[in-house]
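First comes the structure, then the notes that go with it.
Residue numbers (the numbering used here): 40 to 449.
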């Protein structure tokens, strides 16, 4: 096995372990954002007009424009069929109070809001359907193809979409010709039981920041169950992280299941970032396409920090590592077990944005940086059982880790 030059995270600053540090003021603001009960300035959906019209103020206890819109009931639930122009809240909270169940259907038109959105919060059950819920269809959503969109006005700056927070169950079903636009998408962002699920059959999810599937955005908690299921459509993000912890106590479980569709990351695609040996990142590709580092500065990271574990199963479809990206096992002293199981499909490395095969990237089966704490010590495996792998180089830089490339077919 070739000994490669040490490969460091190309842009470690936004990737450090300290995901967020809360000052007293910041904590106060977050506490206000996450209050389980609506304040006097907020509006609760009542459905009293019985017309399912989001913009009809008779359906609200108060106009939530400029505040938070709570949908904590299924009574004559909102069904959006045109752009909202009257009720434009700062935040939308669906199923976001203890013991409540809320649902919003966006069939056509755009449901606009300003900042954050919560789909399931504070022991509630929330569902956002961006699909034609009057018909059946999608492989994961079960609904027909709609044309609706769900858009934050601050998708480029201050917009977090939380799915399944604080012992809740949150679900987004998306089968549409439209889009979902936000800054960060956090699926199960606090591990206190419950779960978060995003099902994508068609449409485009645009995330200017990071998608976290199994997330510690609001703290590690005890466990966090995040699921991203994709049969079609496209997810665009700067970073996609699967099982994204905050320190070595995280017990997050993140699962990505692709049977079609496309995931694009401008920089990093990361499995298992910071966590205990109970943290698990699992990706299965059975027909989708994952494009990594489309603009440069990132890699496909197979384990970052701590003894967390991960597994990537490639049955069919494609993974492209662009602009000289590498597939790096064991980043920043990672000590868990990581496996890439290729049974079919294609894995290819490019020197540019997916046109010219080759470049300076490669597979690093155990990475070592300049500092002592950057020496990975885990067990890392690439099992080539079938399909096609086109890679400029395969090697290992860590003096402590165990790296295995098993050529069983392909």
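Glycine included, each C-beta is placed from N, C-alpha and C at the ideal position. Note that the structure is a prediction, hence the values are computed from the model and not measured.
Which word fits residue i, buried or exposed, when buried means at least 16 other C-beta atoms lie within 10 angstroms of its C-beta?
i, result
"residue 381", "buried"
"residue 407", "buried"
"residue 108", "buried"
"residue 225", "buried"
"residue 214", "buried"
"residue 294", "buried"
"residue 89", "exposed"
"residue 68", "Note that residue 68 has pLDDT 35, beneath the 50 cutoff, so the model's placement of it is unreliable and no number is given."
"residue 412", "exposed"
"residue 280", "buried"
"residue 2", "Any question about residue 2 goes unanswered here, given that the chain covers just 40 to 449."
"residue 198", "buried"
Using CA atoms only, rank isn't needed, just tell me which of the options is closest to residue i.
i, options, result
"residue 433", "401, 385, 256", "401"
"residue 392", "358, 80, 371", "358"
"residue 353", "152, 338, 127, 299", "299"
"residue 450", "207, 263, 193, 182", "Absent from the model: residue 450. The displayed extent of the chain is 40 to 449, so no value can be given."
"residue 211", "236, 360, 191, 223", "236"
"residue 369", "339, 389, 214", "339"
"residue 118", "159, 149, 262", "149"
"residue 248", "351, 233, 145, 196", "196"
"residue 116", "405, 83, 213, 435", "83"
"residue 366", "91, 446, 329", "329"
"residue 95", "81, 125, 80", "125"
"residue 364", "348, 412, 399, 428", "399"
"residue 123", "98, 113, 159, 92", "92"
"residue 349", "331, 97, 283, 396", "283"
"residue 372", "395, 344, 384, 389", "344"
Using a Cβ-Cβ cut-off of 6 Å (strictly less than) and excluding sequence neighbours within five positions of residue i, which residues of its own chain qualify?
i, result
"residue 420", "378, 443"
"residue 439", "414, 416"
"residue 228", "201, 204, 254, 256, 257"
"residue 297", "269, 324, 327"
"residue 418", "376, 441"
"residue 192", "153"
"residue 143", "110, 117, 133, 167"
Leaving aside the five residues before and after residue i along the sequence, list all residues of the same chain whose C-beta is less than 7 Å from its C-beta, in chain order.
i, result
"residue 346", "315, 316, 374, 375"
"residue 146", "118, 119, 120, 171, 172, 185, 187"
"residue 208", "159, 164, 233, 234"
"residue 100", "82, 83, 85"
Along the chain, where does the beta strand (DSSP E) containing residue i start, and where does it finish?
i, result
"residue 94", "It is not in any beta strand (DSSP E) - residue 94 carries neither H nor E in the DSSP assignment."
"residue 246", "234-254"
"residue 444", "441-446"
"residue 345", "Note, residue 345: premise wrong, no beta strand (DSSP E); not H, not E."
"residue 318", "Note, residue 318: premise wrong, no beta strand (DSSP E); not H, not E."
"residue 209", "208-221"
"residue 175", "171-175"
"residue 379", "376-381"
"residue 421", "418-423"
"residue 22", "The structure shown does not extend to residue 22, since the chain spans only 40 to 449, so no value can be given for it."
If you measure from the beta carbon of residue i to each beta carbon in chain E, is any gap under 8 Å?
i, result
"residue 146", "Chain labels in this structure do not include chain E; a single protein chain is all it has."
Tell me which residues share the same chain as residue i and place their Cβ nearer than 8 Å to its Cβ, disregarding the 5 neighbours each side in the sequence.
i, result
"residue 333", "303, 304, 305, 361, 362, 392, 393"
| Do three or more CB pairs link the region 280-290 to the region 300-313 at distances below 8 Å? | yes
| request: Tell me, please, whether the region 121-140 touches the region 177-187 by the rule of three or more beta-carbon pairs shorter than 8 Å. | output: no
| field | Segment contact, 8 Å Cβ cut-off, at least three pairs: the region 227-247 with the region 261-278 | value | yes
| request: Indicate whether the contact test is met: 3 or more Cβ pairs, each with one atom in the region 169-181 and one in the region 192-203, closer than 8 Å. | output: no
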